[in-house]
Structure formats: C-alpha cells, structure tokens
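Asks:
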Amino acid sequence: GAVVSQHPSWVICKSGTSVKIECRSLDFQATTMFWYRQFPKQSLMLMATSNEGSKATYEQGVEKDKFLINHASLTLSTLTVTSAHPEDSSFYICSAYDRVEKLFFGSGTQLSVL
Amino acid sequence: AQKITQTQPGMFVQEKEAVTLDCTYDTSDQSYGLFWYKQPSSGEMIFLIYQGSYDEQNATEGRYSLNFQKARKSANLVISASQLGDSAMYFCAMRASSGGSYIPTFGRGTSLIVHP
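One line per chain: the protein sequences are A and B, in this order. Position one of the first sequence corresponds to residue 322 (our numbering), numbered consecutively onward. Position one of the second sequence corresponds to residue 4 (our numbering), numbered consecutively onward.
#1: Can you give, in chain order, each stretch of the beta strand (DSSP E) that sits fully within the segment 71-112 of chain B and has at least 3 residues?
#2: Just to confirm the assignment: which complete beta strand (DSSP E) runs, minimum length 3, are found wholly within the segment 14-55 of chain B?
#3: Candidates A:Leu365, A:Asn372 and A:Gly337: which alpha carbon is nearest Leu508 (chain A)'s?
#4: Enumerate, from N- to C-terminal direction, the unbroken beta strand (DSSP E) stretches of 3 or more residues contained entirely within the segment 329-402 of chain A.
#5: So Trp356 (chain A) packs on Tyr413 (chain A), CB below 8 Å; how close in whole Å?
#6: Can you confirm whether the segment 418-434 of chain A touches the segment 38-47 of chain B when touching is taken to mean that 3 or more C-beta pairs between the two stretches lie within less than 8 Å?
#7: Pull up the DSSP beta-bridge partners for His406 (chain A), would you.
#8: Once DSSP output is grouped into helix, strand and coil, what is the label at Val434 (chain A)?
#9: Between Asp25 (chain B) and Leu115 (chain B), what straight-line distance do the alpha-carbon atoms span, to the nearest angstrom?
#10: Check whether chain A comes within 8 Å of Arg66 (chain B), counting only Cβ atoms and requiring the distance to be less than that.
#11: Which word fits Arg420 (chain A), buried or exposed, when buried means at least 16 other C-beta atoms lie within 10 angstroms of its C-beta?
#12: In or out: Asp89 (chain B) buried (at least 16 other Cβ within 10 Å) or exposed?
#13: Which residues in the same chain have their Cβ closer than 6 Å to the Cβ of Asp32 (chain B), if we skip the five residues on either side of it in sequence?
#14: Report, in whole angstroms, the separation of the C-beta atoms of Thr23 (chain B) and Asn79 (chain B), which I expect to be a contact under 8 Å.
#15: Where Ile333 (chain A) and Thr108 (chain B) are concerned, what is the direct C-alpha to C-alpha distance, given to the nearest angstrom?
#16: Does chain B have any CB closer than 8 Å to the CB of Ile414 (chain A)?
#17: Tell me the rounded alpha-carbon separation between Thr403 (chain A) and Leu347 (chain A).
#18: For the beta strand (DSSP E) that Thr8 (chain B) lies in, which residues bound it at each end?
#19: Any idea which residues DSSP pairs Ser68 (chain B) with across the strands?
#20: Could you tell me whether the Cβ atoms of Met97 (chain B) and Gln9 (chain B) are closer together than 8 Å?
#21: Please identify the residue among A:Ser411, A:Gln327, A:Arg345 and A:Lys362 whose C-alpha is closest to the C-alpha of Gly110 (chain B).
#22: Can you name the residues of chain B whose CB is closer than 7 Å to the CB of Gln381 (chain A)?
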C-alpha cells in the first residue's frame, strides 16, 4: 500500500516550547491531508484538514493559533503545536488518500509536554 | 451527515477461531468507500481492507474479509483463524462526500483480545 511517513515518533518537550510534526506522502501526491488527535482508548478526533497551497480547515473547538498547519507541497504537511502545555500531551496522527482513494496513515507521534 | 457505528466495545475470541466485528454506516451518498484499520498498542493505524460502494464482490485480503450488505448498510469485518497478534483495536471508517469534501468518518472502535 501507499506510504505515509510521520516524524518524530515521539517527542518530549518543556512547557512553553513549540513542537513540529511532519507528515510526508512518499509515493503519491496528497493535495489533502488530515490531522487527528487520539486520547487513550478512544477513537480518532479530527483536528483539521490540510490543503496544499491554501489554509487548513479546522474542526470546531480546535485552536488555530495553537495548532498551526502548513501544507506547502504536494507531499508534505506539518503540524506545529505552539507554546505546548501538559494538556496538549496526546497521540497525533496524520492520514491521506492515495491515488485510488484509499486512506493511509502515518505512524503517529506521541507528544509529552512536561 | 455521515456516521459509523461500532456497537462492540470489546470482543474476545479463542486462537484459531473466526471472529466478526460489526460496523454499520449511514450516508446519503451513492458513492462511498468503507475501510477497516487495526491499531495495535504501538499506535500505528494499519490498513486492512477496503470496499467500494459499487463493488459487487465482498473484499478479501488474506485472513480478512468484509461482509458488505449494502441494503442493511453494514460492513462487518471477518477475521478467520485468529492469531494472538490480532489482539488490537479495530476501527471501521467511511469515505463519503460531506459538503464537497471527503473527510473520513470513524467509528468508536472495537477492542479485540485473542486468547490461547
């Protein structure tokens, strides 16, 4: 299947710092990528839809200024958690449809804010 | 609005037996896609199987098959010959149009435990 690469796999940071998470489609072009947050033993919660060359579409309740999304190319979307706090600690995962419209995921990023 | 319902929070199955994980969906679209994913404790979302709404045959991928009943709007996952490594969370998902975009919709998931 298609490959979506996500880095880093885990990150520990101090409160107040910013963390950038990258999501790359390795063997296909993705004009749209999706960013999710997942709490333990719960389903995926869509945070935003990342659109290449335009602004991301955020879900209701997601702070745009805290979770900055940039989709500068057809193969790369980034999520930056700005001024991270302990409540931002979570599992973040990205996904994209491949050329035959099957949905593939990155491996996820576990963020821990101290 | 699109909706996926997984009514089984947890399932237990004995090794080597078959198990069915339930999924029902709701959409007004004629063209849509249905997916199943496995999420082990490592967190990665592993693509298992896909069924298009116009596919006449049920999808199969190795030990996984999707029992697609369009009229009943159900897309159950059948795992044959369960293995200990199948223990994980399983999510059913749908791709359908929502105001022109194709945002995937996920169910709450089913936790499968395979015991020896």
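Cβ atoms here follow ideal geometry from the backbone N, Cα and C, with glycine treated the same way. Just so it is clear, the structure is predicted and the values come from calculations on it, not from any experiment.
Replies: Checking against the coordinates, here is how it stands:
#1: 77-82, 91-98 and 107-109
#2: 22-24, 27-29, 36-42 and 49-55
#3: Outside the displayed span of chain A (322 to 435) sits residue 508 (chain A), for which this structure offers no information.
#4: 331-334, 340-346, 353-359, 365-372, 388-394 and 397-402
#5: Within the first sequence, numbered from 1, the residue matching residue 356 (chain A) stands at position 35. Within the first sequence, numbered from 1, the residue matching residue 413 (chain A) stands at position 92. With a Cβ gap of about 7 Å, Trp356 (chain A) and Tyr413 (chain A) count as contacting.
#6: yes
#7: One-based indexing of the first sequence puts residue 406 (chain A) at position 85. Answer is none; His406 (chain A) lacks a bridge partner.
#8: One-based indexing of the first sequence puts residue 434 (chain A) at position 113. Looking at Val434 (chain A) - three-state DSSP - the assignment turns out to be strand.
#9: Looking up residue 25 (chain B) in the second sequence gives position 22. Looking up residue 115 (chain B) in the second sequence gives position 112. Those two C-alpha atoms are separated by around 12 Å.
#10: Working through the second sequence from its first residue, we reach residue 66 (chain B) at position 63. For Arg66 (chain B), the answer is no, since every Cβ of chain A falls outside 8 Å of its Cβ.
#11: Within the first sequence, the letter at position 99 stands for residue 420 (chain A). So Arg420 (chain A) ends up on the exposed side.
#12: Walking along the second sequence from the start, residue 89 (chain B) turns up at place 86. Buried, because 16 or more other Cβ atoms sit within 10 Å of the Cβ of Asp89 (chain B).
#13: Reading the second sequence from its first residue, position 29 is the one you call residue 32 (chain B). Excluding sequence neighbours, Asp32 (chain B) sits near Ala99 and Ser100.
#14: Position 20 of the second sequence, counted from the first residue, corresponds to residue 23 (chain B). Position 76 of the second sequence, counted from the first residue, corresponds to residue 79 (chain B). Between Asn79 (chain B) and Thr23 (chain B) the Cβ distance is about 5 Å, and since that is below 8 Å, they are a contact.
#15: Along the first sequence, read from residue 1 onward, the residue named residue 333 (chain A) stands at position 12. Along the second sequence, read from residue 1 onward, the residue named residue 108 (chain B) stands at position 105. Whole-angstrom Cα-Cα distance: 30 Å.
#16: In the first sequence, counting from the first residue as 1, residue 414 (chain A) sits at position 93. Yes, its Cβ sits closer than 8 Å to a Cβ of chain B.
#17: Working through the first sequence from its first residue, we reach residue 403 (chain A) at position 82. Working through the first sequence from its first residue, we reach residue 347 (chain A) at position 26. So the alpha carbons of these two residues sit roughly 26 Å apart.
#18: Within the second sequence, the letter at position 5 stands for residue 8 (chain B). Residues Lys6 to Thr8.
#19: As a working mapping, residue 68 (chain B) is identified with position 65 in the second sequence. Paired residue(s): B:Thr63 and B:Val81.
#20: Translated into positions along the second sequence, residue 97 (chain B) becomes position 94. Translated into positions along the second sequence, residue 9 (chain B) becomes position 6. No, the pair does not count as a contact, with Cβ atoms beyond the cut-off.
#21: Here the question's residue 110 (chain B) lines up with position 107 in the second sequence. The candidate whose alpha carbon is nearest that of Gly110 (chain B) is A:Lys362.
#22: Within the first sequence, numbered from 1, the residue matching residue 381 (chain A) stands at position 60. Correct list: empty, because the minimum Cβ distance to chain B is about 13 Å.
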